[in-house]
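For the record, in the sequence shown the residue sitting at position 5 is 4 according to numbering that gives the first Met the number 0, with numbers rising by one throughout. No residue lacks a Cβ here, since even glycine has one placed at the ideal position from N, Cα and C. Read through the structure below, which is laid out as structure tokens, and then see the notes.
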Amino acid sequence: MNTGIAEINILGIILFVLLIFHGKTAVQEQNNHRFFYNVIFFIILTLAANTLQCFMKETTAQSAIWVHYFVIMVCSTSTALGGFYWFIFVFNEVQENPQCNSSSNLLFLLPLIIWTGVTLSSSFHHWIFYVDERNHYNQGDLYFLQNFMVYGYILASAMTSYARYRKENICEKRRIYLHLFIYSTIPLLGKALEMFFPWMRTTAPSIVISIVMLYLSMMKAEIFLDPLTKLYNRRQFQQHLLQHSNHIKSKNIFLIFFDINNFKRINDNFGHIEGDKALVIVAQILKNVFTDKNAFLARYGGDEFAVILSKDEKEIVACLDQVEHALFEVSQCLPYKLSLSVGYSIYGEDNATTIESLVQAADKKMYCDKQERKNNSYDLSSF
Numbered sequence: 000m001n002t003g004i005a006e007i008n009i010l011g012i013i014l015f016v017l018l019i020f021h022g023k024t025a026v027q028e029q030n031n032h033r034f035f036y037n038v039i040f041f042i043i044l045t046l047a048a049n050t051l052q053c054f055m056k057e058t059t060a061q062s063a064i065w066v067h068y069f070v071i072m073v074c075s076t077s078t079a080l081g082g083f084y085w086f087i088f089v090f091n092e093v094q095e096n097p098q099c100n101s102s103s104n105l106l107f108l109l110p111l112i113i114w115t116g117v118t119l120s121s122s123f124h125h126w127i128f129y130v131d132e133r134n135h136y137n138q139g140d141l142y143f144l145q146n147f148m149v150y151g152y153i154l155a156s157a158m159t160s161y162a163r164y165r166k167e168n169i170c171e172k173r174r175i176y177l178h179l180f181i182y183s184t185i186p187l188l189g190k191a192l193e194m195f196f197p198w199m200r201t202t203a204p205s206i207v208i209s210i211v212m213l214y215l216s217m218m219k220a221e222i223f224l225d226p227l228t229k230l231y232n233r234r235q236f237q238q239h240l241l242q243h244s245n246h247i248k249s250k251n252i253f254l255i256f257f258d259i260n261n262f263k264r265i266n267d268n269f270g271h272i273e274g275d276k277a278l279v280i281v282a283q284i285l286k287n288v289f290t291d292k293n294a295f296l297a298r299y300g301g302d303e304f305a306v307i308l309s310k311d312e313k314e315i316v317a318c319l320d321q322v323e324h325a326l327f328e329v330s331q332c333l334p335y336k337l338s339l340s341v342g343y344s345i346y347g348e349d350n351a352t353t354i355e356s357l358v359q360a361a362d363k364k365m366y367c368d369k370q371e372r373k374n375n376s377y378d379l380s381s382f
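Structural data, given as structure tokens:
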């Protein structure tokens, strides 16, 4: 039995190490991805420590007993850390503004800190575990708290992602949240099966399956994201319109195009790094204004952005005013003025009765706005 467990663990370790090395080169670097890699790292530690445990009972020397204690503590602590980082990854993934979650992350860390202290002192009070004189591992009276801690984090992940899935209306985001819910549920089912049928040993395989499936899902998602702004790219924009072509006809759908004014001048005068910064700033402003409106946001190409949403025209105008005000505020801290030309079309109006005509109408209005702004700037410069 021990040999079988060790073989499963070693296979999992090899697979996770390959994922880390492949992921660091293949997956776009995002802040939240480090939490995912932390999950993998601590699972590797857990599997390695658990593998060592399988062979610890071969010797009864006092030094071996203390080494056994150390290995168990590493296994227990890294297991809890893996559960914690899984929850933090999911929690930040479902939040619209993850940069605001640092204080929440510290709050979620508190149970883990308490648990780590209890685990480290278990060699004295034997509440969680102890090693007898034959160097055999034994569970303490409060061992159930370990499962409560680790799988409590994972259960919270499943509940959080499911709640966000029920609330979200954008299908691309709903799909992401549903996947997070499913991948959080798999380890819970694996642990439940092993509790009722200990001979099945389903915990480790369920975790491996869940991590691999989540990794593949992340890789697939990267195909449709713009690496700089983290908005959807043009490919996903077109796919979104095609997938919702039937719903568009029955709803009051707006398509808004934005284009950064004088973007070439920003690049020429201040460099491409500053130009990239301008793109990121605009993307963040659009996120701040439109995210809670159930809008689909994309970087259409170059310095152009697109927003698709279902609202009345008065609300659209209010959103555009918010964007303009935010741009004015942020421009006070920049060496240039950041502004946008805007054009929007409504499905069913101005002959916009197909996806192509909807896009063409919004694009035409945006360039009319851009030309009008240029003409106004020329008129002002003549005084």
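What residue from the options has the CA that sits closest to residue i's CA?
i: Gly342; options: Val281, Gln359 and Thr353; result: Gln359
i: Leu179; options: Pro226, Tyr68, Leu215 and Ala47; result: Leu215
i: Lys373; options: Ile259, Leu18 and Ile9; result: Ile259
i: Ala220; options: Ala60, Ala305 and Arg174; result: Arg174
i: Gln370; options: Val149, Leu339, Glu355 and Leu187; result: Leu339
i: Ala282; options: Cys367, Leu337 and Val316; result: Leu337
i: Leu383; options: Arg33, Phe40 and Glu312; result: Look at the range of the chain in this structure, 0 to 382, and you will see that residue 383 is not part of it.
i: Tyr136; options: His67, Ala162 and Lys190; result: His67
i: Leu177; options: Arg163, Lys190, Gly189 and Arg264; result: Arg163
i: Gln61; options: Arg133, Pro226 and Glu323; result: Arg133
i: Phe304; options: Glu312, Lys313 and Lys286; result: Lys286
i: Asp311; options: Tyr346, Pro197, Thr290 and Leu192; result: Tyr346
i: Glu6; options: Val316, Ala203, Ser209 and Val322; result: Ala203
i: Thr290; options: Thr353, Leu230 and Phe15; result: Leu230
i: Asn31; options: His239, Met217 and Asp225; result: Met217
i: Arg234; options: Ala155, Asp368, Thr228 and Ile222; result: Ile222
What is the DSSP secondary structure of residue i, reduced to helix, strand or coil?
i: Asn287; result: helix
i: Glu167; result: coil
i: Gly151; result: helix
i: Phe327; result: helix
i: Gly300; result: strand
i: Phe196; result: coil
i: Ser75; result: helix
i: Glu371; result: helix
i: Tyr366; result: helix
i: Ala361; result: helix
i: Leu254; result: strand
i: Ala305; result: strand
For residue i, count the other beta carbons within 10 Å of its own beta carbon; 16 or more makes it buried, fewer makes it exposed. Which is it?
i: Phe382; result: With a pLDDT of 32 at Phe382, under the threshold of 50, the predicted position of this residue should be treated as unreliable, though the coordinate-derived value follows. Exposed is the call here.
i: Ile131; result: Sequence inspection shows Asp at residue 131; the Ile mentioned does not correspond to that position. Exposed: under 16 other Cβ atoms inside 10 Å.
i: Tyr377; result: Residue placement at Tyr377 is flagged as unreliable, the pLDDT there being 45, under the threshold of 50; the coordinate-derived value follows with that caveat. With fewer than 16 Cβ atoms within 10 Å of its Cβ, Tyr377 is classed as exposed.
i: Pro186; result: buried
i: Trp85; result: buried
i: Thr76; result: buried
i: Leu108; result: exposed
i: Ile9; result: exposed
i: Leu105; result: exposed
i: Leu379; result: Unreliable placement is indicated for Leu379, whose pLDDT of 37 sits below 50; no coordinate value is reported for it.
i: Ala21; result: Sequence inspection shows His at residue 21; the Ala mentioned does not correspond to that position. Exposed, by the Cβ-count rule.
i: Asn168; result: exposed
i: Thr118; result: buried
i: Leu111; result: buried
i: Asp267; result: exposed
i: Trp114; result: buried
i: Ala383; result: Any property of residue 383 remains undetermined from this structure, which presents the chain solely from 0 to 382.
i: Thr58; result: exposed
i: Phe90; result: buried
i: Ser160; result: buried
i: His324; result: exposed
i: Asp368; result: buried
Taking a contact to mean a Cβ-Cβ separation below 9 Å, would you say residue i touches residue j in this structure?
i: Tyr129; j: Phe83; result: no
i: Phe236; j: Met365; result: no
i: Glu361; j: Leu278; result: Per the sequence shown, residue 361 should be read as Ala rather than Glu. Contact flag unset, no.
i: Cys332; j: Gln242; result: no
i: Leu319; j: Ile252; result: no
i: Ser383; j: Ala157; result: In the structure displayed, the chain extends from 0 to 382; residue 383 sits before or after that span and is not available.
i: Val329; j: Ile280; result: yes
i: Tyr335; j: Asn232; result: no
i: Ile12; j: Leu46; result: yes
i: Phe383; j: Phe88; result: This structure does not reach residue 383, given that the chain is present from 0 up to 382, and the question cannot be answered.
i: Gly116; j: Trp126; result: no
i: Thr389; j: Gln145; result: The requested residue 389 is not part of the displayed model; the chain covers only 0 to 382.
Taking the beta strand (DSSP E) that residue i belongs to, which residues open and close that run?
i: Asp225; result: Looking at the DSSP string, Asp225 is not in any beta strand (DSSP E), and its letter there is neither H nor E.
i: Ser340; result: Leu339 to Ile345
i: Asn261; result: It is not in any beta strand (DSSP E) - Asn261 carries neither H nor E in the DSSP assignment.
i: Asn137; result: Tyr136 to Gln138
Just curious, the alpha helix (DSSP H) that residue i is in, first and last residue?
i: Ile127; result: Careful: Ile127 lies outside any alpha helix (DSSP H) and carries neither H nor E.
i: Arg33; result: His32 to Gln52
i: Ser209; result: Thr202 to Glu221
i: His239; result: Arg233 to Gln242
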